[in-house]
Amino acid sequence: MSAFEASAPAAPPVPASFPPKELRQACDEIVARYPTRMAACLPVLHLAQKHFGGWISPEVEAGVAAYLEVSDSHIRGLLTFYAMFNTRPSGRHEVWVCRTLTCWLRGAAGLRRTALAKAGVDRCGVESPDGRFLVKDMECLGLCEVAPAVFIDGAPHTEVTTESLEQLMDACE
Amino acid sequence: MTAKKKASKKKAAAKGPAGSTPAPARAQRGADGVYPETQILSRNFGVEDSWTLAVAREQGAYTMLEKALATMTPAQVVEEVKTSRLRGRGGAGFPTGVKWGFIPQDSKKTKYLVLNADESEPGTFKDRYLMELDPHLVLEGCLLCAYATGLDVIYIYIRGEYPLSITRMEGAIEEARQAGYLGKNILGKQGFTVEAHVHPGAGAYICGEETGMLESLEGKRGHPRIKPPFPAVEGAFGCPTVINNVETLAHVPCIIEFGGAWFAGLGIQPDPANPRALGSSGTKLMGVSGDVKNPGVWEFEFGITLRELIYDYAGGPLDGRKVKAVIPGGLSMPVLTAGELDVPMGYDALQKVGSGLGTATAIVMDDACDMVEACENIAHFFADESCGQCTPCREGCHWMEKIFARIKAGEGTPKDLDLLEHLFVNIEGRTICALADAAVWPLRSILRKFRHEFLAQMPGQSDPALPAGSAAVGAR
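Chains as they are written, first to last, in the numbering used here: chain A, 1 to 173; chain B, 1001 to 1476.
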């Protein structure tokens, strides 16, 4: 679903307090690596997404923007550009299925069908109704010699079959 | 995703620690006709815990940095790399020493190295092996580049989908810092002060394009810049910047070890009659994925043929199948048919047959592959990954995908093929960066070489030359 489909918010988001104390040191260290605060956006957003349950809400977006002294819209521009960021709730488990040529030749289309059926959704990019899964179509994950590849919660799985994918997803709480 | 270890057939390896072995000799096909591997970059891949500093040091890590700092001036290092005729391993093949020479030495600005470890080209996984299995070799290459060109800060831009590469490179940086290979006055060399950081990407193919990478490093969307100014003059944060691929810099320690002339003697020599044929010197990590029995990555001197790579090392097609088409390097190069595989792997040789070396990691499609569906898959990739700056690419890639989908659905007409050709002309060469060209090249070549498959899926366009049912191959 594109960002355009989201309904317009009624009021500006209240910025979340950022960074939370658990991330303060890590974020400050990241900022110190670069000559500009803006350059810290991607690594800080990675930390923020991990800390705030796998997605960046408008409130977190505004909090990160204030911390890095950039506009909210700059952060939104990054979130909608980079495939690894989520702008809506992402389920308790994120399943990435590689769809690019090598994995497709080795059976990725079947894996995608299996993952969607297991999640109980009809397309990629939406949280499953029970909040358990978010299945994402990803472009080449760089595991071509052990294709087809799937990531579950950031961990790679290789030479995946529909059976092994079912087992992997069954093992997710 | 620890790199898969492969049983090797033949090796002409520089075994043992760096600095203790003679230079590997040129690869010769054996009595059985098999082209041997030459393990220089990959010589530590099978060593246990090869990514730790303790083990890497046993294998000679950082001895070439010590040698350069003790016995060579920065200009001599640049000269040695120029002599080696090392060309970029990321796909474009630009001479590395020449690129280093563009860095202005009189500039007072901070100078940067951005190591391109955003290995997002489909079918490509070679840099992952280097970062996972020999991160100290990669870092030593970066430091030699920093010494040669007078750089202050190294950013290693690794795609977010490579978690183990990120962990291993961050670990290597930390170990190197503690051991005095990074920081102030490295190894006691007054004034040689370099810092290194890993910068994680977040899922965008375009950030592998060098100026898209700079934008992304600066915390922006990965929109490629118009050149000039070139990064060497105005790159990261407006300062002089070298951008090199991981594998490119991993070659530098062995060039310092055995000499640029030795490196230039390996592989394929330049063609004196053709000033644009710069030759393919040294070795290259080459990979095969897709419809083969034994996909993987190996290191060869340039000159092994694509057929030898696929049949002698990647095990050939799956049982009962035949090779139909091969993209020789990643996704972004024109396709070769099964009859065009006797071409040496090299920059100029592949260009001569209308394709390109790219990343030298071939994707093999067998006779079960429906080329219309393959084109839809390829077009979807580029449509998805277009950054959206330039209209021909942003709109054109989606158009192409839609047309292939229409043909697949049985609703295509021969006019669609003309429309595609019209789109190719209006996309290729009309954008800021080469992503749009990269979309056109595989699609146009498939369309031209397998036109009958497209016609066979159009109502009333049966091709008599085609055996019945042969286009309706296995649904994937």
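Cβ atoms here follow ideal geometry from the backbone N, Cα and C, with glycine treated the same way.
The stretch 26-40 of chain A: which residues have C-beta closer than 7 Å to a C-beta of chain B, in chain order?
Within the stretch 26-40 of chain A, the residues whose Cβ lies closer than 7 Å to some Cβ of chain B are Arg33, Pro35, Thr36, Met38, Ala39 and Ala40, listed in chain order.
Can you check whether the CB of glutamate 94 of chain A is closer than 7 Å to the CB of leucine 45 of chain A?
It is not a contact, given that the beta carbons lie outside the stated cut-off.
Would you verify that the beta carbon of glutamate 1161 of chain B is, or is not, closer than 7 Å to some beta carbon of chain A?
For glutamate 1161 of chain B, the answer is yes, since a Cβ of chain A falls inside 7 Å of its Cβ.
Considering proline 1200 of chain B, what are the terminal residues of the beta strand (DSSP E) in which it resides?
That run of the beta strand (DSSP E) goes 1195-1200.
DSSP three-state label for methionine 1365 of chain B, please.
It is a strand residue.
Could you tell me which of B:Thr1110, B:Leu1086 and B:Asp1416 sits nearest to proline 1240 of chain B, measuring between CA atoms?
It is B:Thr1110 whose Cα lies nearest to the Cα of proline 1240 of chain B.
Can a CB atom of chain A be found closer than 7 Å to the CB of leucine 1331 of chain B?
So, interface residue.
Given that a residue counts as buried once 16 or more other Cβ atoms are within 10 Å of its Cβ, and exposed if not, what is proline 1459 of chain B?
Exposed.
Between the stretch 1107-1126 of chain B and the stretch 88-102 of chain A, do at least 3 Cβ pairs fall closer than 8 Å?
Yes: at least three Cβ pairs fall under 8 Å.
Given 8 Å as the limit, is there contact between the stretch 1364-1378 of chain B and the stretch 1093-1108 of chain B, that is, 3 or more CB pairs closer than that?
The stretch 1364-1378 of chain B vs the stretch 1093-1108 of chain B: no contact.
Which residue marks the beginning of the alpha helix (DSSP H) containing glycine 125 of chain A, and which one marks its end?
Unbroken run through glycine 125 of chain A: none, as it is neither H nor E.
How far does the alpha helix (DSSP H) with lysine 1113 of chain B in it reach, from first residue to last?
Sequence check: residue 1113 of chain B is leucine here, not lysine. Here leucine 1113 of chain B belongs to no alpha helix (DSSP H); instead the beta strand (DSSP E) covers 1112-1117.
If the cut is a Cβ gap below 8 Å, which residues of chain B does leucine 55 of chain A touch?
The identity of residue 55 of chain A in the sequence shown is tryptophan, whereas the question assumes leucine. By Cβ distance, chain B contributes nothing, its closest Cβ being about 13 Å from tryptophan 55 of chain A, past 8 Å.
Where does tryptophan 1100 of chain B fall in DSSP's three states?
In this structure, tryptophan 1100 of chain B counts as helix in the three-state DSSP scheme.
Does histidine 46 of chain A come out as helix, strand or coil in the three-state DSSP assignment?
DSSP places histidine 46 of chain A in helix when its eight states are reduced to three.
I'd like to know whether the C-beta of alanine 1007 of chain B is nearer than 7 Å to at least one C-beta of chain A.
For alanine 1007 of chain B, the pLDDT reaches just 42, beneath the cut-off of 50, and the residue's location in the model is therefore unreliable, although a value from the coordinates is still provided. No, its Cβ sits nowhere closer than 7 Å to a Cβ of chain A.
With 16 other CB atoms within 10 Å as the buried threshold, where does glycine 1191 of chain B fall?
With fewer than 16 Cβ atoms within 10 Å of its Cβ, glycine 1191 of chain B is classed as exposed.
Count the other C-beta atoms from every protein chain shown that fall within 10 angstroms of the C-beta of glutamate 1210 of chain B, then say buried if there are 16 or more, exposed otherwise.
Flag for glutamate 1210 of chain B reads buried.
Going along chain A, which residues have a C-beta under 7 Å from arginine 1221 of chain B?
Ordered by position in chain A, the residues that pass the 7 Å Cβ test against arginine 1221 of chain B are Gly77, Leu78 and Phe81.
What do you reckon, are the CB atoms on leucine 1113 of chain B and isoleucine 1154 of chain B nearer than 7 Å?
For leucine 1113 of chain B and isoleucine 1154 of chain B, yes; Cβs fall inside 7 Å.
Give me the Cβ distance between proline 43 of chain A and proline 1200 of chain B, rounded to the nearest whole Å; I'm assuming they're in contact under 8 Å.
With a Cβ gap of about 6 Å, proline 43 of chain A and proline 1200 of chain B count as contacting.
Could you tell me whether the stretch 1136-1143 of chain B touches the stretch 1158-1178 of chain B, using the rule of 3 or more Cβ pairs below 8 Å?
Flag = yes, the stretch 1136-1143 of chain B and the stretch 1158-1178 of chain B touch.
Given 8 Å as the limit, is there contact between the stretch 126-133 of chain A and the stretch 1389-1409 of chain B, that is, 3 or more CB pairs closer than that?
Output reads no: the stretch 1389-1409 of chain B does not touch the stretch 126-133 of chain A.
Might you give, ordered along the chain, the residues of its own chain that have their beta carbon closer than 7 Å to the beta carbon of alanine 1472 of chain B, omitting 5 neighbours on each side?
Because the pLDDT at alanine 1472 of chain B is just 42, under 50, the model does not fix this residue reliably, and the point stays unresolved.
At the level of alpha carbons, what is the spacing between glycine 1219 of chain B and alanine 40 of chain A?
Straight-line Cα distance between these residues: approximately 6 Å.
Hey, which unbroken runs of the beta strand (DSSP E) at 3 residues or more fall wholly within the stretch 83-122 of chain A?
For the stretch 83-122 of chain A, whole beta strand (DSSP E) runs of length 3 or above, ordered along the chain, are 93-98.
Going along chain A, which residues have a C-beta under 8 Å from isoleucine 1363 of chain B?
What isoleucine 1363 of chain B touches in chain A: Leu101, Thr102, Leu105 and Cys144.
Quick one: is leucine 42 of chain A near chain B, going by C-beta distance under 7 Å?
Closer than 7 Å: yes.
Is the distance from the Cβ of serine 1445 of chain B to the Cβ of valine 1335 of chain B below 7 Å?
A contact, by the Cβ cut-off of 7 Å.
Using C-beta distances below 6 Å, list every residue in its chain close to aspartate 1342 of chain B, excluding the 5 sequence neighbours before and after it, in chain order.
Excluding positions up to five away in sequence, the list reads Thr1305 and Arg1307.
Check whether the Cβ atoms of glutamate 1299 of chain B and leucine 1266 of chain B sit closer than 7 Å, and answer yes or no.
No, the pair does not count as a contact, with Cβ atoms beyond the cut-off.
When DSSP builds the beta bridges, which residues end up paired with isoleucine 1158 of chain B?
Its beta-bridge partners are B:Ala1117 and B:Pro1200.
Give every residue of the same chain whose Cβ lies closer than 7 Å to the Cβ of threonine 1413 of chain B, excluding the five residues on either side of it in the sequence, and list them in chain order.
Cβ neighbours of threonine 1413 of chain B beyond the five flanking positions: Met1458.
Out of curiosity, what's the CA-to-CA distance linking glutamate 173 of chain A and arginine 92 of chain A?
Rounded to the nearest angstrom, the two C-alpha atoms are 8 Å apart.
Ends of the alpha helix (DSSP H) at glutamate 1385 of chain B?
Unbroken alpha helix (DSSP H) run through glutamate 1385 of chain B: 1371-1385.
Exposed or buried, alanine 1054 of chain B, counting other C-beta atoms within 10 Å across all chains shown (16 or more means buried)?
That one is exposed.
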